[in-house]
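Numbering (our numbering), first residue to last: 77 to 1166.
Written out below as structure tokens is the structure these notes cover.
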């Protein structure tokens, strides 16, 4: 057994293997087998084996991986703390069953019934039996109530992982709580130290370095007694740099051009060309997409669509192609919606910066969380994890439940960052292509204003005083109604009375038709708002405090006379989405409030295409399935008021969420309209009408109203009579002023011709609020309040989200520049200077070349945070140009003793291509590659095994030849080809992909219908070239697929292969050549970089 332990420990410590979890599971399986064997031979035999005693020492001290530590700290420990520590920790008044769960030693040793957890073995783990509440086994735990299904799944997954536990496996010697000195942690750990540009080190071979960075590499190589590898041949370097910079292979013509260029700067010209290539952004965007867990569906049960996600992907591609300074890139991600001068798209003029904020919302989501506040807490955990690892290389999310166990990060730091998320909300922001909508909006406003000015300047009031007034029309209209028999045509009588009373017959007819509606409007007593909780009364020329809009649709109508672009008089003191036309798009958003009543009532007028919703605890998935949010979302018929002002109510499940935070959204997607007057909170129905004495309404009172309306008209305000007359078509703009009618007509034409919108996922600033600490990570256990701020050890002063972005994107923050420089190095050299690219904390690995890392970070900042500059430095270096075999002048024994894992980079590493690069290279070789950029993703091709809820229609097998970055990413239906080659599942940040070498990869290249089909296309393309013999065709095929010219020996082997395949088929046709192409695609020369 001790021999087994030694073997396992040597495997776990092997620097080139990332298999700790698997090794741990394997060891425990073997241990269990040994235990069963010991039991089988009997106690007598066991007594003879006195040296073998089964104790916790059987488990050697493991070092969990960073991902395992995070899983334990964020998922497992909180369960133990909340449900188990009361009875099973060193601080318990009485330890039940002698079992401790507050240390690894505790569950390894176990209590009265033996070890509580057997890593890798669910069936024999007593804790799992207990939490499952299984009969006839052990006592059900926790005793008060069963854990949730999700919590049980977490514990089961943890045990299956091998129960990784970063806590000590030794017996606790004290139960006293030790005060943690976070400043000491900050001072002592390398990554927190300020960045200074180091002096260039001395090297013995002054001729070898082409770049200053080479000196740092060579210095360590020489110090170890080694020499760098010789320079790679030009073909090898060219293929390497093509795949590294643009993710595609060089074509035969590009290879020939480079080999024929003897100039001193031939390499630099290639690099400059690649950095300008539109394919550059496609390659490097995919790296960033791994970090932000990019996907186009939400996952969970139904895999609902994450609309417009592809716009964020396209934003990344444009940003990397444009070499947007990385500090600007950071600001756009954290606070792109708040920038005073957002970056504009150079061709179309839209706001690019705001699209960056979409990364916050690419998370997984469920449509029906039973605990919506807990759901928000889990989503924020994911958002903070992505933020911390992507920009800072820190595992900030580990501080959700307690102060970080290893790093200088407190729980208060974690919740201070969540305050930014609680103060923000998700929006679907309408891009204004080429600024056309904004320009049209300005012109529509100008025309509307000109029309209103023309109306105000008209003399129609004076003219009316010389004619009959509206009181006369009302009096005669009532006479028409009284004298008409039910089946009599009123038209004749209208004409007769109009002539007799000297009235306009057409207008009199309108009064006859609309007199009742006008009366009802004018005697309407209004609503009784006494003793009502009026949340908002949308009066005035500005939005009330805390109310915000996105897009151009919503505008306050104010108190002055206003007409919409459709020529309709606007109701004063409301907010209307149709002011500048019914094709405008936008969202009106309320401040955040606490739900305190059963119902929310909105006085509104809207058409069926508008929507109103209550967003509770930032949860927006109810639009797909309102299973637990019934009545909190109105759309279609639910918003249609049939052209009248009505109270619409949000109720249903709202009462379940009393005490929760929420905000209202009023949505116009450009195919409807919605106007809002008031919002009232109530436990009962909507406000009723004001009671009391009935209002007198007759011809005399109407004449008096007309006189007051004339005064109001001259003063530029709107009398209710005017609203009623315009709304009921008694009056029209053309009746008053032809000039006004023409202006408003032009405005209407412009509004109807607005260009289409494109929407993007983005962040919007909501109501600023501080955050509560959730004690032990539980949102049901509220602690102290912390203001929104950055990490205490870096800058603990309260800050806005824009200030947070500035504090992240500065060299004064020692992490950001180091982290991104290390990421670039990782992708170009195969392993980062800090191998744990997402963890620069104490649980991560230290840098192999710390001074080089600081030199790269400062060089990046000195050159305007240009990533392209940094990449150019790296790929033109002598370090990058090395062969992948060691210098022949150095003994293997010396290499094995001083640099067995090539940490010093005495040679370049052999690297397997990513799944995306393999697929794209296949398409390039076949000629099916479509370089078209951007746009909606191509649907994933579904295999017969890809079934389940939420499945979408299958896409084409070859993805229409589009590049892999443009293929859909459905969380529940991920591309099996990409998964085979280690594309990460999009659930958390993944800056370093796994690099597996498994049989499934070879089987995929051999059997995948896509690969087989493209091999046939390659063969057909080669055979279509006229005037070539077999040897020449072989040479063309090999170079187009693998980028090399076959040797004579290889050519003979390929000819023999063709002959064998032709005999097998019984005749000479394209199939043998397709088999050869297929074989070339399966060779490591194709899918590995030398």
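Even for Gly, the Cβ is constructed at its ideal location relative to N, Cα and C.
* To do: Closer than 6 Å by C-beta to residue 384: which residues in its own chain qualify, once you throw out the five before and the five after it? Chain order, please.
  => Position 308 of the chain shown, counted from the start, is the residue given in the question as residue 384. Excluding sequence neighbours, residue 384 sits near 835, 836, 837.
* Asked: Looking only at its own chain, which residues have a Cβ that is under 6 Å from the Cβ of residue 156, when we skip the five neighbours before and after it?
  -> Sequence index remark: in the chain shown, residue 156 carries index 80 (1-based). Closer than 6 Å at Cβ, skipping near neighbours: 177.
* To do: Please list, in chain order, all residues of the same chain as residue 610 whose beta carbon is under 7 Å from its beta carbon, the five residues on each side excluded.
  => Against the chain shown, residue 610 aligns to sequence position 534. Excluding positions up to five away in sequence, the list reads 754, 756.
* Buried versus exposed call for residue 1128 [16 or more other C-beta atoms within 10 Å across all chains shown] -> The residue given as residue 1128 occupies position 1052 in the chain shown. Result: exposed.
* To do: Keeping to the same chain, check which residues put their C-beta closer than 8 Å to that of residue 1078; ignore five residues upstream and five downstream.
  => Counting from 1 along the chain shown, the entry for residue 1078 is found at position 1002. Answer for residue 1078: 1158, listed in chain order.
* Classification of residue 541 by the beta-carbon crowding that lies within 10 angstroms, buried from 16 upward -> For the purposes of this step, residue 541 is identified with residue 465 of the chain shown, where counting begins at 1. Confidence is the limiting factor: at residue 541 the pLDDT is only 48, short of 50, which leaves the residue's position unreliable and the question unanswerable from this model.
* Alpha carbon to alpha carbon, how far is residue 812 from residue 557? -> Taking the chain shown and counting its residues from 1, the one referred to as residue 812 is at position 736. Taking the chain shown and counting its residues from 1, the one referred to as residue 557 is at position 481. Cα to Cα, residue 812 sits roughly 28 Å from residue 557.
* To the nearest angstrom, report how far apart residue 695 and residue 503 are at their CA atoms. => Counting from 1 along the chain shown, the entry for residue 695 is found at position 619. Counting from 1 along the chain shown, the entry for residue 503 is found at position 427. Distance from the CA atom of residue 695 to the CA atom of residue 503, rounded to whole angstroms, is 12 Å.
* Between which two residues does the alpha helix (DSSP H) containing residue 999 stretch? -> In the chain shown, the residue the question calls residue 999 occupies position 923. Its alpha helix (DSSP H) spans residues 991-1002.
* Asked: I think residue 872 touches residue 865, with their Cβ atoms under 8 Å apart; what is that distance to the nearest whole Å?
  -> Looking up residue 872 in the chain shown gives position 796. Looking up residue 865 in the chain shown gives position 789. That pair is a contact at about 6 Å.
* To do: Measure the beta-carbon distance from residue 203 to residue 192 and round it to whole angstroms, keeping in mind my assumption that it falls under 8 Å.
  => Here residue 203 refers to the residue found at position 127 of the chain shown. Here residue 192 refers to the residue found at position 116 of the chain shown. Contact holds; Cβ gap of about 5 Å.
* Asked: Is residue 655 near residue 640, with beta carbons less than 8 Å apart?
  -> Here the question's residue 655 lines up with position 579 in the chain shown. Here the question's residue 640 lines up with position 564 in the chain shown. Yes, they are a contact pair.
* With distances taken between CB atoms, is the gap from residue 1000 to residue 324 smaller than 8 Å? -> Along the chain shown, one-based indexing puts residue 1000 at 924. Along the chain shown, one-based indexing puts residue 324 at 248. Yes; because the gap between Cβ atoms is below 8 Å, this pair is in contact.
* Asked: Is there contact between the region 677-686 and the region 699-716, where contact requires at least three CB pairs shorter than 8 Å?
  -> yes
* To do: Pick out the complete alpha helix (DSSP H) segments inside the region 1091-1156, 4 residues or longer, and give them in chain order.
  => 1106-1118, 1124-1141
* So the alpha helix (DSSP H) residue 973 belongs to, where does it begin and stop? -> Here residue 973 refers to the residue found at position 897 when the chain shown is read from its first residue. Residue 973 -> alpha helix (DSSP H) spans 968-974.
* To do: Count the other C-beta atoms from every protein chain shown that fall within 10 angstroms of the C-beta of residue 119, then say buried if there are 16 or more, exposed otherwise.
  => Working through the chain shown from its first residue, we reach residue 119 at position 43. With a pLDDT of 30 at residue 119, under the threshold of 50, the modelled position of that residue is not reliable, and the figure given next carries that caveat. Per the 10 Å Cβ criterion, exposed.
* **Secondary structure of residue 836, DSSP reduced to three states** => Mapped onto the chain shown, residue 836 falls at position 760. Strand.
* Could you spell out where the beta strand (DSSP E) holding residue 689 opens and where it closes? => Within the chain shown, numbered from 1, the residue matching residue 689 stands at position 613. Element bounds for residue 689: 687-692.
* Return the CA-CA distance between residue 606 and residue 766, expressed in angstroms with no decimal places. => Numbered from 1 along the chain shown, position 530 holds the residue referred to as residue 606. Numbered from 1 along the chain shown, position 690 holds the residue referred to as residue 766. Cα to Cα, residue 606 sits roughly 10 Å from residue 766.
* To do: Output yes or no for whether 8 Å exceeds the beta carbon distance between residue 704 and residue 726.
  => Position 628 of the chain shown, counting from 1, holds the residue named residue 704. Position 650 of the chain shown, counting from 1, holds the residue named residue 726. No; because the gap between Cβ atoms is not below 8 Å, this pair is not in contact.
* **Validate contact between the region 1020-1027 and the region 980-998 using beta carbons, cut 8 Å, 3 pairs** => Contact fails: fewer than three Cβ-Cβ distances are below 8 Å.
* Straight-line Cα distance separating residue 796 from residue 463 -> Counting from 1 along the chain shown, the entry for residue 463 is found at position 387. Counting from 1 along the chain shown, the entry for residue 796 is found at position 720. When rounded, the distance between both Cα atoms is 54 Å.
* **Bridge partners - residue 803, DSSP secondary structure assignment** => Locating residue 803 in the chain shown gives position 727, counting from the first residue. DSSP, once it has assigned bridges, lists no residue as partnering residue 803.
* Nearest candidate by alpha-carbon position, reference residue 518, set 1110, 386, 823, 142 -> Taking the chain shown and counting its residues from 1, the one referred to as residue 518 is at position 442. Ranking 1110, 386, 823, 142 by Cα distance to residue 518 puts 823 first.
* Using the C-alpha atoms, what's the distance from residue 928 back to residue 468? -> Locating residue 468 in the chain shown gives position 392, counting from the first residue. Locating residue 928 in the chain shown gives position 852, counting from the first residue. Those two C-alpha atoms are separated by around 18 Å.
* To do: With DSSP as the reference, label residue 347 as helix, strand or coil.
  => As a first step, residue 347 is located in the chain shown; it is residue number 271 there, counting from the start. Here residue 347 sits in helix by DSSP.
* Please confirm if residue 265 has its CB atom under 8 Å from at least one CB of chain D. => Here chain D cannot be found, since the structure has a single protein chain.
* Test item: CB-CB of residue 708 and residue 689 under 8 Å -> Taking the first residue of the chain shown as 1, we reach residue 708 at position 632. Taking the first residue of the chain shown as 1, we reach residue 689 at position 613. A contact, by the Cβ cut-off of 8 Å.
* Excluding sequence positions up to five away, which residues of its chain have a Cβ less than 6 Å from the Cβ of residue 634? -> The sequence position of residue 634 within the chain shown is 558, counting from 1. Answer for residue 634: 617, listed in chain order.
* Evaluate the contact criterion for the region 372-387 versus the region 1045-1059: three or more CB pairs, one atom per stretch, below 8 Å. => yes
* Is the region 443-453 touching the region 391-411 in the sense that three or more CB pairs, one from each, lie closer than 8 Å? -> no
* To do: Determine, using beta carbons only, whether residue 145 and residue 230 come nearer to each other than 8 Å.
  => Your numbering for residue 145 matches position 69 in the chain shown. Your numbering for residue 230 matches position 154 in the chain shown. No, the pair does not count as a contact, with Cβ atoms beyond the cut-off.
* Can we say the region 1132-1144 touches the region 1058-1074, given the rule of at least three CB pairs closer than 8 Å? -> Below 8 Å, too few C-beta pairs join the region 1132-1144 and the region 1058-1074 to call them touching: fewer than three.
* To do: For residue 677, write down the residues that DSSP places opposite it in a beta bridge.
  => Your numbering for residue 677 matches position 601 in the chain shown. Under DSSP, residue 677 takes part in a beta bridge, and its partners are 725, 756.
* To do: With distances taken Cα to Cα, identify the nearest neighbour of residue 286 among 305, 374, 950, 236.
  => On the chain shown, position 210 is the one that residue 286 refers to. Of the listed residues, the one whose Cα sits closest to residue 286 is 950.
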